[in-house]
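Numbering (UniProt numbering), first residue to last: 1 to 689. Below: the structure, in C-alpha cells.
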C-alpha cells in the first residue's frame, strides 16, 4: 500500500503541473534488494499534495543558480527592456554609418599630404670636402656617415650627395668610368650600403647625382666603341674629320661648354668624337636605343639598392641635331675662325632637341616602377637651367598628363646679376608666375659650381638669404657649409696639382667643411686636406656656432623648425606686399587660420617702411617671431614704422581676420602650390575652401 502511494505521487504532481526535480536520481547500478530494504525501513508515510499551476509557473521563471538548460532557455526567451534594446541597437548602427561616412568625407576632402621631398629642405654634400674618415685628406662616404647627426640637428631629412662613381675625377667626377661602382677615393660599395642603412635608420632620405649625357673616355663602353666592337660601335657620336699637318678640321663649328671645338680626333678609330664638356668626356649617342637601355639599367641598379631619388644633370645635352650644321654666331660680324667660347654661339643644334624630353620621361617611368610601395616614392630632379628661357625650364615639370621631373632645380637666386630687394622679387616672381599650375617650386642658393653666398653677395647677407630660402613656398636646397656662412677660399691657395688634374673646374666653393677650431677644421686627422681649409675656420665652424647666441647655424636651425611647425609657411599662400631697392616683403597665410606671417627682408641699405599703409587691414602691432638679430625676437613692432638694417631679416607674426590673398588689390601677387584650408573646429586640413 505504501509502495502504491509512492508510485502514484509523481503522477499526481505531473497532472497538476508540478515540477519534477531529478537532480538526485539514485544510481541505477545499486542493488535492488538493498534499495527495497531501505525504502521499506526509512521512507515516511506519504500523502497527496495539491500544487497551484500558476505559482509553479512563477517559480520556474525565476532564475536560480544551476538551473537546467530548458529553464534557462525559457527564461532568456522572455522579452525584457525591448524598447531600450532596440534604441541602443539603432543608435549603434547609425553611429557606425556616420563614422564610415565621416571617414570617407575626411579622406575625400583632405588635401594631398606633402611628400618627403616637399616637406624637408635638401642638404647638398660634395663628398670629397665633407668629412675625411681615413686621414688621406679626401672626404669619403664613411665621413658622411660619421656626421649624420649634424643633418638631423639642422632638422633636415633629405641628403643630396654629388657624384661619387668610379671616375678619373675630371670635372667633379661627372665623367663616370663605371656607373656601377664607387670611386676608391670615397670608399667601397660596402661603405655605401652602410651609409644608406644609417641614413634610413635615422628616417632620412638620400638623392644621388646621375649624369647620363657622357662618360669618361676610360669607360669600357668607349674603349669598345673606339675599336668598333659589336653593338658598342655606335654608343658614342663619331664623325669623319680631316687631319693634316698635325691639325684637325672638325665637322662643324660646335664649341664645348669649356671652350674650343667640341670634336676630338681619336687615333685608334681615326674619327672625331663629340664632347660637349671636357675632351675626356665623350657624349653618348642617345639616338641608339641600346644606350638608352643602359641608362635605364643603371637607374634600376641604384634604386634597387634603396636610394630615394636621382638628380639628373646635363640632360639638355642628351641629343644633337643629326644634320651637323654650324650653329649661328651671336656676333655675326665675328671671324668664324676666331670662335672658341661657348657664349659666342647660339646652341640651337646641340641642346634641347626634339625627343629629349621623351627620354627624360622614360627615366621617370622607370623610376615609377620603384615608387609603388607606400612611403617609398622615388624623387626625380633635373638640371634644367635654361637661364634666359624660363619657358624651356618649365617644360622639365612635364605636362598635366605626362609626368617628368618633380621639379627642375631653380637657380634664379644664383643667377642674379646684382643684389637688391627688386632683384630678389624678380627672381622669385619669374619662377612663381611661370610654374605650371599644381607643380611644386624649389630654391637653390648655392652649389659646387658657384661661389658661396658670403663671397658672391657679401657675408652680411648670408642670414637674410637663408631666411628667404626657408620661408619661401617650396623645397629649399642648401649647399654644405652655407648653414654656417662659409666663404670661398682664395684661388691662389689651390695647389698646382689640383689645377693640373682638373683645369676646367673652379675650386673656391669646395673647400673642406669647417667642423671645429682644431687643425684642418676637424675635417681630417691627417696632415693635410686635398684643398686648404679657409683661414677663418677658428671663428666660423659648427662647434663654436652651436653655442653662439646669435650664430648663423642657430638661426638656420630656428628657421627650419619654424618651417616644419607652422602650416602657413609649410604649405600656405605667398603674397608679395612690397619691394624696392632695399627690401622685399611678402606674407605667408593659410585659409581658415586667423594668423599670418610677414617676412621683411633687407637686401640693400637701412630702410623704414609703413606696411599698414600698403595693407590697411594689418593690425597696428606685430610680434617678431624670428630675426637675424636674435635679441629682437619676441618684441612688438609698429606696422606703420618697420625699420631694418642692411642685411636684416624679420619674420613677423600677427592676427588677421582678412588675409591678404583674399584682397582684390593683391590677387595678381599671390600663389599657392598645394592649396589647403584649416578647420579650427576639427583641427584638420581640407581642400574645398
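All residues carry an ideal CB built from backbone N, CA and C; glycine is no exception. It should be emphasised that the depicted structure is a prediction, and the values quoted were computed from it without experimental measurement.
Quick check on the burial criterion: 16 or more other C-beta atoms within 10 angstroms. Buried or exposed for residue 127? Result: buried.
I'd like to know whether the C-beta of residue 444 is nearer than 9 Å to at least one C-beta of chain D. The structure shown contains no chain D, having only a single protein chain.
Completely contained beta strand (DSSP E) runs for the region 180-210, where each covers 3 or more residues: Restricting attention to beta strand (DSSP E) runs no shorter than 3 residues, the region 180-210 encloses them at 205-210, ordered along the chain.
With burial defined as no fewer than 16 other Cβ atoms inside 10 Å of the residue's Cβ, what is the status of residue 41: buried or exposed? With a pLDDT of 46 at residue 41, under the threshold of 50, the modelled position of that residue is not reliable, and the figure given next carries that caveat. The Cβ neighbour count for residue 41, taken over all protein chains shown within 10 Å, is under 16; the residue is labelled exposed.
Pick from 115, 639, 636, 662: whose alpha carbon is nearest that of residue 378? Comparing Cα positions, the closest option is 115.
Proximity to residue 580 [Cα-Cα], best of 674, 606, 313, 537: Just measuring C-alpha positions, the residue of 674, 606, 313, 537 sitting nearest residue 580 is 606.
Quick one: is residue 32 buried, meaning 16 or more other Cβ sit within 10 Å of its Cβ, or exposed? Low confidence applies to residue 32: its pLDDT is 45, below 50, so where it sits in the model is not reliable, and the reading given next is rough at best. Exposed is the label assigned to residue 32, since fewer than 16 other Cβ atoms lie within 10 Å of its Cβ.
With burial defined as no fewer than 16 other Cβ atoms inside 10 Å of the residue's Cβ, what is the status of residue 558: buried or exposed? Classification of residue 558: buried, given that the 10 Å Cβ count is 16 or more.
Proximity to residue 436 [Cα-Cα], best of 425, 408, 460: Nearest of 425, 408, 460 to residue 436, Cα basis: 408.
If you drop the 5 nearest sequence neighbours on each side, which residues of the same chain put their C-beta closer than 7 Å to that of residue 679? If we look at residue 679 and ignore the five residues flanking it on each side, its Cβ neighbours are 592, 686.
Tell me the residue span of the beta strand (DSSP E) that contains residue 423. Bounds of any beta strand (DSSP E) do not take in residue 423; it lies within the alpha helix (DSSP H) bounded by 421-434.
Which same chain residues, not among the five before or five after residue 613, have their C-beta less than 6 Å away from its C-beta? There are no such residues.
Buried or exposed: where does residue 670 fall if 16 or more other Cβ atoms within 10 Å of its Cβ makes it buried? It counts as buried.
For residue 684, which three-state DSSP category applies? Strand.
Between residue 129 and residue 137, how many whole angstroms is the CB-CB distance? I'm expecting something under 8 Å. Wrong, their Cβ atoms sit about 11 Å apart, outside the cutoff.
Residues of its chain near residue 2, where Cβ-Cβ distance is below 6 Å and the 5 sequence neighbours each way are ignored: Because the pLDDT at residue 2 is just 43, under 50, the model does not fix this residue reliably, and the value given afterwards should be weighed accordingly. Same-chain partners within the cutoff: there are none.
Tell me the DSSP secondary structure of residue 554 in three-state form. Helix, per DSSP.
Measuring CB to CB, does residue 522 end up less than 9 Å from residue 542? Yes, they are a contact pair.
Do you know whose CA, among 516, 616, 668, 267, lies nearest residue 246's CA? Nearest option by C-alpha distance: 267.
Assuming residue 508 and residue 451 are in contact, meaning their beta carbons sit under 8 Å apart, how far apart are those beta carbons, in whole angstroms? Indeed they touch by this definition, with Cβ atoms about 6 Å apart.
In angstroms, rounded to a whole number, what distance separates the CA positions of residue 710 and residue 207? Shown here, the chain extends from 1 to 689; a query on residue 710 therefore has no answer.
Going by the CB atoms, is the gap between residue 651 and residue 627 shorter than 9 Å? Closer than 9 Å, so yes.
Classification of residue 683 by the beta-carbon crowding that lies within 10 angstroms, buried from 16 upward: Residue 683 comes out exposed.
What residue range does the beta strand (DSSP E) around residue 672 cover? Per DSSP, residue 672 belongs to no beta strand (DSSP E) and is neither H nor E.
Kindly identify the DSSP beta-bridge partner or partners of residue 736. Residue numbering for the chain in the displayed model covers 1 to 689; residue 736 lies beyond these limits and cannot be assessed.
How should residue 304 be labelled, buried or exposed, when 16 other C-beta atoms within 10 angstroms of its C-beta is the threshold for buried? Label assigned to residue 304: exposed.
Mapping the DSSP letters down to three states, classify residue 109 as helix, strand or coil. The answer is helix: DSSP assigns residue 109 an H, G or I state.
Would you call the region 188-196 in contact with the region 294-312, where contact means no fewer than 3 C-beta pairs closer than 8 Å? They touch, by the three-pair rule.
Alpha carbons only, please: which of 83, 197, 483 is nearest the one belonging to residue 546? For residue 546, the closest alpha carbon among the candidates 83, 197, 483 is that of 483.
Mind listing, in chain order, the continuous beta strand (DSSP E) runs of no fewer than 3 residues lying wholly within the region 457-483? The qualifying runs are 475-479.
Just confirm the distance between the C-beta atoms of residue 236 and residue 222, as a whole number of angstroms; I'd bet it's less than 8 Å. That pair is a contact at about 6 Å.
Limits of the alpha helix (DSSP H) - the one that residue 290 falls within: Counting along the chain, residue 290 sits inside the alpha helix (DSSP H) bounded by residues 289-305.
Alpha carbon of residue 571 to alpha carbon of residue 473, nearest angstrom: Each residue's alpha carbon lies about 7 Å from the other.
Does the beta-carbon distance from residue 568 to residue 597 come in below 9 Å? Yes, they are a contact pair.
Among 149, 405, 183, whose alpha-carbon lies nearest the alpha-carbon of residue 365? The residue from 149, 405, 183 with its alpha-carbon nearest to that of residue 365 is 405.
What runs of the beta strand (DSSP E), each 3 residues or longer, lie entirely inside the region 598-650? Fully enclosed beta strand (DSSP E) runs of 3 or longer: 607-609, 621-627, 636-638, 642-644.
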